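Notes follow the structure.
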Amino acid sequence: IFNVRLLYFTFLNHMIGLQIRLQAQKMLLIRWEEERSTDGSKWRFLEHKGPVFAPPYEPLPDKVKFYYDGKLMKLAAPAEEVATFFAKMLDHEYTTKDVFRKNFFKDWRKEMTSEEKSKITDLNKCNFAGMNEYFKAQSEARKQMSKEEKQKIKEDNERILQEYGFCIMDNHKERIGNFRIEPPGLFRGRGDHPKMGMLKRRIRPEDIIINCSKDSKHPKPPPGTKWKEVRHDNKVTWLASWTENIQGSIKYIMLNPSSRIKGEKDWQKYETARRLKKCVDRIRNQYREDWKSKEMRIRQRAVALYFIDKLALRAGNEKEEGETADTVGCCSLRVEHINLYPKLDDQEYVVEFDFLGKDSIRYYNRIPVEKRVFKNLQLFLENKQPGDDLFDRLNTSILNKHLQELMDGLTAKVFRTYNASITLQQQLKELSCSDDSVPAKILSYNRANRAVAILCNHQRAPPKTFEKSMQNLQTKIDEKQKQLSAARKQLKAAKAEHKASHDDKSKKAVEVKRKAVQRIEEQLMKLQVQATDREENKQIALGTSKLNYLDPRISVAWCKKFGIPIEKIYNKTQREKFAWAIDMAEKDFEF
DNA sequence: CTACTGACTTGTTTCCATTCCT
DNA sequence: AGGAATGGAAACAAGTCAGTAG
Numbered sequence: 012i013f014n015v016r017l018l019y020f021t022f023l024n025h026m027i028g029l030q031i032r033l034q035a036q037k038m039l040l041i042r043w044e045e046e047r048s049t050d051g052s053k054w055r056f057l058e059h060k061g062p063v064f065a066p067p068y069e070p071l072p073d074k075v076k077f078y079y080d081g082k083l084m085k086l087a088a089p090a091e092e093v094a095t096f097f098a099k100m101l102d103h104e105y106t107t108k109d110v111f112r113k114n115f116f117k118d119w120r121k122e123m124t125s126e127e128k129s130k131i132t133d134l135n136k137c138n139f140a141g142m143n144e145y146f147k148a149q150s151e152a153r154k155q156m157s158k159e160e161k162q163k164i165k166e167d168n169e170r171i172l173q174e175y176g177f178c179i180m181d182n183h184k185e186r187i188g189n190f191r192i193e194p195p196g197l198f199r200g201r202g203d204h205p206k207m208g209m210l211k212r213r214i215r216p217e218d219i220i221i222n223c224s225k226d227s228k229h230p231k232p233p234p235g236t237k238w239k240e241v242r243h244d245n246k247v248t249w250l251a252s253w254t255e256n257i258q259g260s261i262k263y264i265m266l267n268p269s270s271r272i273k274g275e276k277d278w279q280k281y282e283t284a285r286r287l288k289k290c291v292d293r294i295r296n297q298y299r300e301d302w303k304s305k306e307m308r309i310r311q312r313a314v315a316l317y318f319i320d321k322l323a324l325r326a327g328n329e330k331e332e333g334e335t336a337d338t339v340g341c342c343s344l345r346v347e348h349i350n351l352y353p354k355l356d357d358q359e360y361v362v363e364f365d366f367l368g369k370d371s372i373r374y375y376n377r378i379p380v381e382k383r384v385f386k387n388l389q390l391f392l393e394n395k396q397p398g399d400d401l402f403d404r405l406n407t408s409i410l411n412k413h414l415q416e417l418m419d420g421l422t423a424k425v426f427r428t429y430n431a432s433i434t435l436q437q438q439l440k441e442l443s444c445s446d447d448s449v450p451a452k453i454l455s456y457n458r459a460n461r462a463v464a465i466l467c468n469h470q471r472a473p474p475k476t477f478e479k480s481m482q483n484l485q486t487k488i489d490e491k492q493k494q495l496s497a498a499r500k501q502l503k504a505a506k507a508e509h510k511a512s513h514d515d516k517s518k519k520a521v522e523v524k525r526k527a528v529q530r531i532e533e534q535l536m537k538l539q540v541q542a543t544d545r546e547e548n549k550q551i552a553l554g555t556s557k558l559n560y561l562d563p564r565i566s567v568a569w570c571k572k573f574g575i576p577i578e579k580i581y582n583k584t585q586r587e588k589f590a591w592a593i594d595m596a597e598k599d600f601e602f
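Heads up: take any position in the first sequence, counting from 1, add 11, and you land on this note's numbering.
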């Protein structure tokens, strides 16, 4: 069914080549489209310029001093470069952490000359203050640059973007997502990461694998260098890749979310979630039955699935111990992550979750469950230590195999997509009121979005300036209120005046004043809505769910139905990413 | 079944430009 | 004009999940 997608994307993309050639290629394209579903190719033609490398290291001017144990020391370029990474971060909490310091020092020493190595043996005796000040001054100087200089830099960036930021994939010019190679630096893991502070090494052309089509103009490596490899694999979507040295994992250069290949995949994702909608009742009945199974593994599978469905937990793959921060998802929950309360306050069978999830974000929730789930959990906990797996007979692979049998294409994460999107749709239905003003409708939309963000546990730290900005807004509101009462008084006076004189001039004055009151009322309302929205959003991040979990067609349909311009809901990038949905969805779209 | 790899999505943080406010 | 606040984009880390080898 995705073969019809061409219709939706043609308008987006710039055609290249001559009309006749184009015609011929179109025919080929359609034929290829039909083949594609069976052989899994992602493209036929791919041409790009390769990645942009980080600028080479520029040694510090001599006036920048580094002291070891109080004594001035000039470092050779390799060690100096790594030292600057640390010096730049001096204000960051990271540099006070033991693990960070230890890892940094170990990797730094590897870059030193043997002389440096023998002298520098204690990080505590290193004084990076001079370097730190230098970089602060540099960034200050950058801010102070003249308009012309800033303009020049902007133009240079634009030129690089135009040259390297686009590729051609099957007749379409497409934006590349990340065409710049990550510069070297110190690895900053999230949470309690055992590898924080390690040196992320510089990536050279010799590390890069290029992927493009055979019949394309191949990207040229920088003068005097070679690519690691040039391959022509059209079963994958990436343009270039390299192996990163911290975890040994592969990094990719891929297309922007606005591209056909990403948009299509996104669409597909929501179609899978919509198929789940059709059979979710059956699946729910199934797992409720499975709570009674004779087999432990089936009961565990069923309880885990219940959590994934009800709480929108992630699947929870196993991770290699000591390689990453200790975080879990559903299948990897441990005994220590839950508490059971047969009775809590006025509720029965309460499960308390407290664990670190993706990015070491804390998930804390107390939730009453059905008696059968509770009893099962008690059973799973029997004879276990806090560090043992809650679901010892289950992992994500087993779970996903089971899900695959229940519905084609079903995996654990589909539940998150499904529950997020269906929640948005329900909430929008419940909260929107066609009589509301535009700002009030948008508040309703944000509230619906918020319900989803809470479900998915998308938190944020309250912005540092939150209290202050709230206060500012409140002062504005107070002022508006004063303005309003003043305007009302004036209106009243004008009315009285008109009553007395009954002339045209005073009638006009009444109208003018009435308008003024109305305008101020509107402004006040807008401010109040804004304050509510901001307050409710204090600890909640809407972006992630909006971008990754909510079927954009729901939002597009809602906008059409309630006469809200789409720009009020999606900014420019978001509109590009969701172009397929904006084009496709009518006001009666149902997820 | 486990371990491991590869490709791709999802997530937060940081940086930067624009807007807002004085 | 200039500085603070804000929102968006870039950067890049951290997940999911399928496939393969042993």
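Where a beta carbon is used, it is the ideal one built from N, C-alpha and C, also for glycine. Please read all numbers here as calculations on a predicted model, not as lab measurements.
Within 10 angstroms of its Cβ, does residue i collect 16 or more other Cβ (buried), or is it exposed?
| i | result |
| --- | --- |
| Ile221 | buried |
| Gly61 | buried |
| Tyr374 | buried |
| Gln585 | buried |
| Met100 | buried |
| Ile187 | buried |
| Cys467 | buried |
| Asp489 | exposed |
| Glu601 | exposed |
| Lys607 | No answer is possible for residue 607: it lies beyond the span of the chain, which begins at 12 and ends at 602. |
| Asn582 | exposed |
| Gly333 | exposed |
| Ile164 | exposed |
Based on the DSSP secondary-structure assignment, which residues constitute the bridge partners of residue i?
| i | result |
| --- | --- |
| Tyr375 | Asp365 |
| Tyr352 | Val361 |
| Leu316 | Answer is none; Leu316 lacks a bridge partner. |
| Ala251 | Ile221 and Ile264 |
| Gly327 | In the DSSP output, where bridge partners are listed per residue, Gly327 has none listed. |
| Leu210 | Leu197 |
| Arg345 | Asp400 |
| Leu287 | BP columns for Leu287 are empty, so no partner. |
| Glu58 | Ile179 |
| Glu240 | Ile220 |
Please work out which residues of its chain come closer than 8 Å, Cβ to Cβ, to residue i, disregarding the five sequence neighbours upstream and downstream, and give them in chain order.
| i | result |
| --- | --- |
| Asn245 | Ser52, Lys53, Trp54, Arg55, Leu57 and Ser224 |
| Glu532 | Leu495 |
| Arg120 | Lys128 and Ile131 |
By how many angstroms is the C-alpha of residue j removed from the C-alpha of residue i?
| i | j | result |
| --- | --- | --- |
| Asn460 | Asp419 | 29 Å |
| Asp102 | Pro194 | 20 Å |
| Met207 | Arg471 | 22 Å |
| Ser455 | Met142 | 50 Å |
| Leu40 | Tyr281 | Any answer about Leu40 is weak, because its pLDDT of 40 lies below 50 and its placement is not dependable; what the coordinates show is given next. In a straight line, the C-alpha of Leu40 is about 25 Å away from that of Tyr281. |
| Ile31 | Gly176 | Bear in mind that a pLDDT of 30 at Ile31, under 50, signals an unreliable position, so the model cannot answer this. |
| Leu316 | His469 | 21 Å |
| Asn296 | Leu401 | 23 Å |
| Ala77 | Phe139 | Note that residue 77 is Phe in the sequence shown, not Ala. Computed Cα separation, rounded: 6 Å. |
| Asn387 | Lys369 | 26 Å |
| Phe318 | Arg499 | 56 Å |
| Asp167 | Lys239 | 28 Å |
| His183 | Arg312 | 45 Å |
| Gln438 | His348 | 31 Å |
| Asp447 | Lys537 | 12 Å |
| Asp9 | Leu502 | Absent from the model: residue 9. The displayed extent of the chain is 12 to 602, so no value can be given. |
| Lys321 | Asn411 | 17 Å |
| Glu185 | Asp277 | 16 Å |
Can you list, in chain order, the residues of its chain with a C-beta nearer than 7 Å to that of residue i? Leave out the 5 residues immediately preceding and following it.
| i | result |
| --- | --- |
| Tyr68 | Ala88 and Glu92 |
| Ala464 | Ile551, Ala552, Leu553 and Ser556 |
Excluding the 5 residues preceding and the 5 following residue i in the sequence, name in chain order all residues of the same chain whose CB lies nearer than 6 Å to its CB.
| i | result |
| --- | --- |
| Arg427 | Ala323 |
| Pro379 | Gln358, Tyr360 and Val361 |
| Ile261 | Ser252 and Thr254 |
| Ala90 | Glu122, Met123 and Glu127 |
| Asn376 | Phe364 |
| Arg355 | Contrary to the premise, residue 355 reads as Leu rather than Arg in this sequence. Excluding residues within five positions, the ones whose Cβ falls inside 6 Å are Val361. |
| Ala505 | Ala520, Val521 and Lys524 |
| Arg213 | Pro195 |
| Glu508 | Ser517 |
| Lys37 | For Lys37, the predicted model reports a pLDDT of 41, less than 50, meaning its position is unreliable and no value from the coordinates is stated. |
For this session: Let me know the beta strand (DSSP E) ranges lying completely inside the region 60 to 119, each 3 residues or longer, listed in chain order.
Result: Complete beta strand (DSSP E) runs here, min 3: 77 to 79 and 82 to 84.
Problem set entry | Length-filtered (4 minimum) alpha helix (DSSP H) runs lying within the region 533 to 583 | Secondary structure remark: continuous alpha helix (DSSP H) runs of at least 4 residues inside the region 533 to 583, in chain order: 554 to 559 and 563 to 573.
For this session: Taking only runs that begin and end inside the region 128 to 192, name each unbroken alpha helix (DSSP H) of 4 or more residues, in chain order.
Result: If we require 4 residues or more, the alpha helix (DSSP H) runs fully inside the region 128 to 192 come out as 140 to 154 and 158 to 175.
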